[in-house]
Each structure stands twice: as structure tokens, then as C-alpha cells.
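Residue numbers (the UniProt record's numbering), protein chains in the order written: chain A, 1 to 291; chain B, 1 to 293; chain C, 1 to 265.
C-beta atoms are modelled at their ideal positions from N, C-alpha and C, and glycine is treated no differently.
One structure is given below, encoded as C-alpha cells.
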Amino acid sequence: MATVQVSEAEKVYILHGIRDDLRVDGRGCEDYRHMEIETDVVSNTDGSAKVTLGDTAVLVGVKADIGKPRPMVPNEGYVEFFVDCSANATPEFEGRGGEELGTELSNTLYKVFNNKHSVDLKSLCISAGEHCWVLYVDVLLLQCDGNLYDAISVAIKAALFNTKIPRVHISADEEGGKEIELSDDPYDCVRLNVKNVPCIVTLCKVGHRHVVDATLQEKACSVASLIISVTRKGTITCTRKVGGGSLDPESIFEMTEAGKRVGKALHAPLMKLLQQEESLGKARQKVGFLG
Amino acid sequence: MAADMRLPTIQKPVSLTFSAFDRKDLVVPGDVITSDTGFMRGHGTYVDEEKLTASVAGEVQRVDKLICVKPLKTRFNGEVGDVVVGRITEVQQKRWKVETNSRLDSVLLLSSVNLPGGELRRRSAEDELTMREYLQEGDLISAEVQSVFSDGALSLHTRSLKYGKLGQGVLVQLSPSLIKRQKTHFHNLPCGASMILGNNGFVWLYPTPEQLEEEAGGFYTSLEPVSVSDREVISRLRNCLLALAAHKVLLFDTSVLYCYESSVHHQVKDILKPEVMEEIVMLTQQKLLDQEG
Amino acid sequence: MGNVVQRQTRGALRFQLFRKMAGLELLSDQGYRLDGRKATELRKFQARMGVFAQADGSAYLEQGNTKALAVVYGPHEVRGARSRIRHDRAVINCQYSMATFSTAERKRRPHGDRKSTEMSLHLKQTFEAAVMTQLYPRSQIDIYVKILQSDGGNYSVCVNAATLAVIDAGIPMRDYVCACTVGFVDETPLADLCYAEEGGGVSSLALALLPRGGQIALLQMDARLHQDHLEALIEAAMTACKGVSKVLDQVVRQHLQEASVPSAE
Numbered sequence: 001m002a003t004v005q006v007s008e009a010e011k012v013y014i015l016h017g018i019r020d021d022l023r024v025d026g027r028g029c030e031d032y033r034h035m036e037i038e039t040d041v042v043s044n045t046d047g048s049a050k051v052t053l054g055d056t057a058v059l060v061g062v063k064a065d066i067g068k069p070r071p072m073v074p075n076e077g078y079v080e081f082f083v084d085c086s087a088n089a090t091p092e093f094e095g096r097g098g099e100e101l102g103t104e105l106s107n108t109l110y111k112v113f114n115n116k117h118s119v120d121l122k123s124l125c126i127s128a129g130e131h132c133w134v135l136y137v138d139v140l141l142l143q144c145d146g147n148l149y150d151a152i153s154v155a156i157k158a159a160l161f162n163t164k165i166p167r168v169h170i171s172a173d174e175e176g177g178k179e180i181e182l183s184d185d186p187y188d189c190v191r192l193n194v195k196n197v198p199c200i201v202t203l204c205k206v207g208h209r210h211v212v213d214a215t216l217q218e219k220a221c222s223v224a225s226l227i228i229s230v231t232r233k234g235t236i237t238c239t240r241k242v243g244g245g246s247l248d249p250e251s252i253f254e255m256t257e258a259g260k261r262v263g264k265a266l267h268a269p270l271m272k273l274l275q276q277e278e279s280l281g282k283a284r285q286k287v288g289f290l291g
Numbered sequence: 001m002a003a004d005m006r007l008p009t010i011q012k013p014v015s016l017t018f019s020a021f022d023r024k025d026l027v028v029p030g031d032v033i034t035s036d037t038g039f040m041r042g043h044g045t046y047v048d049e050e051k052l053t054a055s056v057a058g059e060v061q062r063v064d065k066l067i068c069v070k071p072l073k074t075r076f077n078g079e080v081g082d083v084v085v086g087r088i089t090e091v092q093q094k095r096w097k098v099e100t101n102s103r104l105d106s107v108l109l110l111s112s113v114n115l116p117g118g119e120l121r122r123r124s125a126e127d128e129l130t131m132r133e134y135l136q137e138g139d140l141i142s143a144e145v146q147s148v149f150s151d152g153a154l155s156l157h158t159r160s161l162k163y164g165k166l167g168q169g170v171l172v173q174l175s176p177s178l179i180k181r182q183k184t185h186f187h188n189l190p191c192g193a194s195m196i197l198g199n200n201g202f203v204w205l206y207p208t209p210e211q212l213e214e215e216a217g218g219f220y221t222s223l224e225p226v227s228v229s230d231r232e233v234i235s236r237l238r239n240c241l242l243a244l245a246a247h248k249v250l251l252f253d254t255s256v257l258y259c260y261e262s263s264v265h266h267q268v269k270d271i272l273k274p275e276v277m278e279e280i281v282m283l284t285q286q287k288l289l290d291q292e293g
Numbered sequence: 001m002g003n004v005v006q007r008q009t010r011g012a013l014r015f016q017l018f019r020k021m022a023g024l025e026l027l028s029d030q031g032y033r034l035d036g037r038k039a040t041e042l043r044k045f046q047a048r049m050g051v052f053a054q055a056d057g058s059a060y061l062e063q064g065n066t067k068a069l070a071v072v073y074g075p076h077e078v079r080g081a082r083s084r085i086r087h088d089r090a091v092i093n094c095q096y097s098m099a100t101f102s103t104a105e106r107k108r109r110p111h112g113d114r115k116s117t118e119m120s121l122h123l124k125q126t127f128e129a130a131v132m133t134q135l136y137p138r139s140q141i142d143i144y145v146k147i148l149q150s151d152g153g154n155y156s157v158c159v160n161a162a163t164l165a166v167i168d169a170g171i172p173m174r175d176y177v178c179a180c181t182v183g184f185v186d187e188t189p190l191a192d193l194c195y196a197e198e199g200g201g202v203s204s205l206a207l208a209l210l211p212r213g214g215q216i217a218l219l220q221m222d223a224r225l226h227q228d229h230l231e232a233l234i235e236a237a238m239t240a241c242k243g244v245s246k247v248l249d250q251v252v253r254q255h256l257q258e259a260s261v262p263s264a265e
């Protein structure tokens, strides 16, 4: 279900509820739904995470591959994004139906994550100008129940945290050429620093107020939304207005402030959870899709 | 601002009735129910080499000589007289198409609705042109199944004052198999809100109307703001319904009310947390068992 | 080679590793396979029905290291061209796709390539044989499967997962559809191949079976095999499928016990 129909009277009900700070499911305007996060769910990847937010479910897989650095930045690696809006989420996405949404989502992800302030791209460099790690971040949308951006960004942060890149040994052969050797030991690996990886907060303007983590029904009542990516320190790295309607500058300022506050507060529980999961080590009961 | 993040856990359904013992009436596709030829085959069965065989996974139900298998979860199989809640998807000539969670869209004929102006009113050509003023795409209605077409599509009618267009409220979409068949599916709950438990699994929660509205043919909806206290009750009921559905508890006025009572110690938004759901469903089942005696 | 810098994708490196493994004996003298199984032994199954709330039916299946998700939407009104409507039965619509991260070498596209289109068609044909479509005239049933992690026998795992999803959706079927991929090595049929075996030059055969009647819903073999061995191989595949059907049966019964609504009485 990517879109839902809502009758006029339902709209009025939702609108008045948001005005009174009591949404249909009992949440206040700045509350998130219950979120479940698990990392290391698919083993053909170097890092993966599954996030469910209400009925929204996303699976993110990160694969590291060796590539050539971009000529403009020879000492940095780079990140590639792909969002697969699969037909599993809704029959509307069958065939090429999900491509438009997928492109829109991945374009935003490039803007948010593929820069040296979000991900430590320098650490992805193997030998300047010749080899670097390319991180392929593949997002798989399994169920849509609103607020895709936030769920995807949390999943990406968790997957990057989980990513283990094998250590590389560069040796020169007799004729001066370089030979790259990857460590075979699965424990001999490098972890990424995810300290500055931002989370995205989507604020939906509904009536005169705005809400975070909008359900599909609420989204159907909103004119436009603002997505804001915020780091742990509260720095805004990207904002973007999405949706067909228009917003006035005042409400954008208000929403930015709210987004900053909410986004900043997302990081602490997320990192705590990821570290807690990590500390469980092998004792952790893997749930995946069997839960 | 509150964000509740956690690791997933393996959920086990809570049940006080002993699911430990093997229920004999549960079958899976391909199971032979009986090789006695004296029975008639109903839904969910087929005859293979003179043996009555199940084609779906579910529980066997026997009415006299008729054997059916009722699957755990399925689309709505409407029968004449069922109460449904549905959404208009298309306005066509002389009829509306209604989404009712059935396998084909249901039909509401212009001749099966009460138009403003009383019972004995001829449907004129103008009525056909102004159909969208009564009901338009996206509108929700409550209706009754009038007949079933040969291809399985349902024909609905709203020719009673209790049916018609729905106003402000909340729709909860659940599985039709969770709705218990009862004398009435319209309930004014004592906790301060009303509920229509559609047989098709769509449940409509709305503020209890002050008095019976004057005869407007059911096409007038009030857009006055609903009070915060009413909203809270409706939101709580909504979350209770979802909690009961998540643990496969049969839905009817008493079970919903018991669940509502069990949940009052929790904030409305906390009800959907797994451990709270488990707790209140457990309490509800306890109360239901006590009541049965 | 000279000064040429050796640059290989990690996927290619991993593949080489498999090649090396393939150099190993696929079946040891003691009768054990690469992953320690006996010739007729199936991989470990783990499954769950009703994974997603929004779909009409859904299931997740792990068969060894191959993981698949299947969802079913419908029966519902036919979408798109009205010419697809069949007045005497339901139309079955399938899409097979693989997550881009599911394979050792990253895939560029999840679906739409020749192989997945072929798989989609096979799935459709398999389920047309099993689902009682004549009960639902003018409607459509969507079956979507997704491989999350690929380790051999993708088609078979998808069929098995889809069977569970169709049952979860409460759509009538004549019987379970069970599928298994088998191979032929050293005059011995191997059941339920994994990726290393599939890639190791084994002639493999995929078979989907309706076990009760012993009806074959799909038979596919792309490799060379002496005609004399074919019967033995098909026999082995059918035995393996019956083994699969036992496991699926357990999964469904377990699910029924857990998820059935206590009856009103």
C-alpha cells in the first residue's frame, strides 16, 4: 500500500486530532511508532539491518567492493545507493511500477549520505587514485505504512554500523606492480565510523501543525512534507521539501527546528540499541523474519 | 518526542485456552476429511477419487450433511444479510463500486439506497447525474448484503436508517474471520463511543451520536470537531482492536469492552507495544473465561 | 601479466573460492557431500507464515542458506487491461525477483532480466496447476517471491515459500506444491543442491510435485545427462519433494495450532 484513500470526513477527523495533539493512534505530534531494529540478517552482505516501524518494513544490505576512486577525489571511496520498491510491498510496484519512487528515494539518499561529512569516505581509500572501497547500499522495501525516509535512514545507519570490511594488504610484486590481497579471516576486518551518519526526519504538514512519523492516512491529509537529515550533534546536513503542495517560510523554519530536535534525539537510543545488540554477541537470538 | 526502539523478539500468541493439545478439527490442503459419500462438499473442500478432501488450511465445520473448511484468514465471503463497512472506489452509471475486502468489488445500485425525500421516491435521470453528490470516491458507507451475484460479487443496500454514509471516525481493517457473528453489529459502547463491526473485517469507530439525526437520508455528515475526550476513547478502542487482532481473539462487543477496561492503566499510545498488548490481551481472556463461568 | 594491476571484484574472488571447492569431491568416498550431508538429505528448513500484515498471505522460508519471502495478494479485481479477465477462472500473476544483495556478486537489477522473467513464468505455470482457479472467476491472484539470500535451489525454495503464502492467504489448492533441485554425481543423485554444488558442474534438475497424486507440475533440466540416468534422477527428485512436503506440512500444522481463532463455543 503506497497510497490510501481517505474520505472527507475522515480527513476532518484526522486534522482536528492533530490540532489537539492527539492522533488517531493516540500519539502526540512528535511521537514515533514502535520501532524494531535488528542487524546482520542476511549473510551474503558485509553488513545488513532490518527495521520495522509500525507496518513499514525495510531491509538494507551493504556490500563492499573494490573500485576506482573518482578522479576529483582520488583519496576517497564512495557510496552507491539503490532502492528496490519491490512488488512484495504492494502490487502497484510490480514490473516498473516502483521505479519512480525508488529513484526519488535513492536520489535523496545520495544527497544525505554520500559526502565526507556523513560517512568517513577517506577511510574507504585503499591506495590513492587507484583503489578504494565502494559501498553498495541496497535498500529493499518490504512493506509500506508511511514514513519511508525515516525508516530507511535508521536502517542504513544500523547497516553501516554492522558493516565489516575485510582488511587489505597491499604488496608489491617483483615487477613493481601492486597486488591486493584480502584477508580471509572474517574477524580481521575494519569497521566504519558511523558517529556522524545522519538520520532523516520527515515532517508532514497537516492543517496548521506538523507531525513526525506520519501514517499513510495522515500523509493523505497533508499538503507537503519536509525531510531533514540531522546528525547526532543536531547539525542539519540536508533539507528537502517533498510532495505536491507548498509551504510558507515560517512553517519551514518551525518544522526545521522541530526536525532538529527530534532528529537529535533519535541517535542516542539507536546507538545504545546497536551497541547492546553487539555486546550480546553470539548469545543474541537471531529473529530475522521468523519472529 | 518519544522514540521507542528495541530489538525484535519472537512473539508467541498468548492464549489461556489450551492450544497445547492437538485439535482434531484442523486440516491442511490435501487432507482427506471423510471417504463417506453421504456428505455434501462445501467451501474449502473438493472431491478427489470419491474422497472429500480439504483445499485450504483451517478448521472443519459440519452443518448436517454439509462439510466446510474455514480458513484462518481469507477475503470476505459475503452472505445475504451480512453487515459490511466499505469504501466507494468508483461511481458508475446507476451504481457505485464498493471495496469491501471481497475478492471482487461490491456493487451498490442507485435503486438500493434511500435518497433524500423519503421512501417512495422515483429515481429520475437527475438522480443519476447527481450520484456523486450523495457518495463520491473515497467515502465510507455501512451497508447490508442484499444478494450475491453468480460470479461471487456482492450487491449491497443501505435501505435502512442505520446504514448509509459514515461521518467522522476511524476505520480499522482486520481479518473477516476475527469478527464474531451476532444479532447486531452496531454497538453503542458504555465507554463513550460507538462501533460497527462489519462482517467483512472493517470496523468503524465513531463518536456516539447525540440523538438520532433527523431524516436526511444518511448523506449528511457533521464536520464539527469531535471532543478530545471522545477522541481518546476512540483511539484507545482502535489500539485495543489491533491488540486483540494481533493475538487472534474473536471480536465482539464484550471482548472489545473487556480489553478496553484492561487497558485503562496504560497510555493510549503505549497499548501497541508488544509487552503491553500481551498483558491486556491476557487480562481480557481471563475476564472472558470468568464470564463464561 | 607484467605490470598489469590485478583488480578483481570481491564477488569474482568468492566465486573462485567456490571453484576451488568444486575441485573438491562433491561426494566423498564415505558418501558425504561438501556441507556434510548424505546424498538424499535435505537442508534445514525454517519457516514462518503470516510475516506481513498488509498482504493477504505471506511466508518466509529458509532452506539451508537460501532465504526467500513470498507474499500473495488476492483474489482481487483484475488490474490493468480488462482483456486479461477470464470469465471462468482467476488469473495468476507471478513475479520472481532477487534482492540486489542476495548473491555473492552484487546484482544490478532485482528483476526484469531474462532469468527472472523465465522464473516468473515457471512459477505461474506451477501454481496454475495447483490453485483451484475455477472457483474465482473474473479475479486475479498475485504471487510475488523475493530471494533475500541465494545459496542454490532458488526456484525450489521460491515454490515452497509461495505454497506457504498461498495457504496463508486461504486460497484453495488441490495439494501442496513442493519443489526440489537434484543433481547427479558419480552415478548418485544428490537432493536439494546448494550453490557450491550447483556451480560445480553437476547436471541439475528442478522438479515441482503435487505429492499426493504424484503429479509433476514442473520439470526442468538444462544440463546434459545420459537418458538411462533420467529415470533414477526423477525418482530421487520425487522422493526429495515428498520429504519437502512432510516438512511444509509440519510448518502449516504448527501455524494452524498457534494462529487459529478459538472457536466461539
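Tell me where the alpha helix (DSSP H) around residue i begins and ends.
{"i": "A/G263", "result": "P249 to L280"}
{"i": "C/I171", "result": "Where C/I171 is concerned, there is no enclosing alpha helix (DSSP H), given that its DSSP letter is neither H nor E."}
{"i": "B/L174", "result": "Where B/L174 is concerned, there is no enclosing alpha helix (DSSP H), given that its DSSP letter is neither H nor E."}
{"i": "B/Y260", "result": "D253 to S263"}
{"i": "C/S150", "result": "Counting along the chain, C/S150 falls outside any alpha helix (DSSP H), and DSSP gives it neither H nor E."}
For residue i, go through chain A and note every residue whose CB falls closer than 7 Å to its CB, in chain order.
{"i": "C/R48", "result": "F289 and L290"}
{"i": "residue 308 of chain C", "result": "Lying outside 1 to 265, the shown extent of chain C, residue 308 of chain C is not represented and no answer is given."}
{"i": "B/G138", "result": "Q5, V6 and S7"}
{"i": "C/D142", "result": "P91"}
{"i": "B/R41", "result": "Near B/R41 there are no residues of chain A at all, since even the closest Cβ is about 32 Å away, more than 7 Å."}
Taking Cβ-Cβ distances shorter than 7 Å, what residues in chain C pair up with residue i?
{"i": "A/S106", "result": "Simply none; closest approach about 12 Å."}
{"i": "B/P71", "result": "G170"}
{"i": "A/Y143", "result": "Sequence inspection shows Gln at residue 143 of chain A; the Tyr mentioned does not correspond to that position. Those are F52 and Q54, listed as they occur along chain C."}
{"i": "B/L104", "result": "E77, R138 and S139"}
Please compile the residues from chain B whose C-beta is within a distance smaller than 9 Å of the C-beta of residue i.
{"i": "C/L243", "result": "Per the sequence shown, the amino acid found at residue 243 of chain C is Gly instead of Leu. Correct list: empty, because the minimum Cβ distance to chain B is about 16 Å."}
{"i": "C/M132", "result": "Y46 and S55"}
{"i": "A/D55", "result": "Ordered by position in chain B, no residue passes the 9 Å Cβ test against A/D55, which lies about 10 Å from the chain."}
{"i": "C/G74", "result": "R75 and R103"}
Kindly indicate the opening and closing residues of the beta strand (DSSP E) around residue i.
{"i": "A/M35", "result": "M35 to T39"}
{"i": "A/E179", "result": "K178 to L182"}
{"i": "B/I67", "result": "L66 to P71"}
{"i": "B/D48", "result": "T45 to D48"}
{"i": "A/R209", "result": "R209 to V212"}
{"i": "B/P8", "result": "Careful: B/P8 lies outside any beta strand (DSSP E) and carries neither H nor E."}
So which residues of chain B does residue i contact, with C-beta pairs closer than 7 Å?
{"i": "A/S43", "result": "Per Cβ cutoff of 7 Å: no residues; A/S43 is ~18 Å from chain B at best."}
{"i": "C/D175", "result": "P29 and G30"}
{"i": "A/H34", "result": "D4, L272 and K273"}
Chain C partners of residue i, CB-CB under 8 Å?
{"i": "B/V171", "result": "According to the sequence displayed, residue 171 of chain B carries Leu and not Val. The contacting residues do not exist; B/L171 stays about 15 Å from chain C at best."}
Anything in chain A within Cβ reach of residue i, meaning under 8 Å, just list it in chain order.
{"i": "C/R106", "result": "K63, D65, Y136 and D138"}
{"i": "B/L166", "result": "S7 and A9"}
What residues from chain B crowd round residue i, counting only those whose CB sits closer than 8 Å?
{"i": "C/D249", "result": "V28"}
Within 8 Å of chain C by C-beta, residues of the region 169-196 of chain A in sequence order: Those would be E175, G176, G177, K178, E179, I180 and L182, in chain order.
3-residue-minimum beta strand (DSSP E) runs that sit fully inside the UniProt domain "Exoribonuclease phosphorolytic" (32-166) of chain A, ordered along the chain: Correct list: 35-39, 47-53, 56-67, 78-85, 125-127, 131-143 and 164-166.
Unbroken stretches of the alpha helix (DSSP H), 4 residues or longer, contained in the UniProt domain "RRP4 S1" (75-147) of chain B: Given a length threshold of 4 residues, each whole run of the alpha helix (DSSP H) inside the UniProt domain "RRP4 S1" (75-147) of chain B is given here in chain order: 125-129 and 131-134.
Segment contact flag, the region 56-72 of chain B with the region 211-231 of chain C, C-beta cutoff 8 Å, min 3 pairs: no
Length at least 4, wholly inside the region 177-252 of chain C: the alpha helix (DSSP H) runs in chain order: 195-198
Segment contact, 8 Å Cβ cut-off, at least three pairs: the region 165-177 of chain C with the region 26-33 of chain B: yes
Chain-ordered residues of the region 241-254 of chain B with a beta carbon less than 8 Å from chain A: none
Beta strand (DSSP E) segments (min. 3 residues) lying fully within the region 106-142 of chain C: none
Validate contact between the region 261-272 of chain A and the region 213-232 of chain A using beta carbons, cut 8 Å, 3 pairs: Pairwise C-beta distances place the region 261-272 of chain A in contact with the region 213-232 of chain A, as three or more of them are shorter than 8 Å.
Selection of the region 12-31 of chain A by Cβ proximity to chain B, strictly under 7 Å: V12, Y13, H16, G17, D20, L22, V24, D25, G26, R27, E30 and D31
Cβ contact check for the region 126-138 of chain C and the region 97-109 of chain C: 3 or more pairs under 8 Å: The region 126-138 of chain C vs the region 97-109 of chain C: no contact.
Touch test, the region 196-211 of chain C against the region 74-93 of chain C, Cβ-Cβ under 8 Å, three pairs minimum: no
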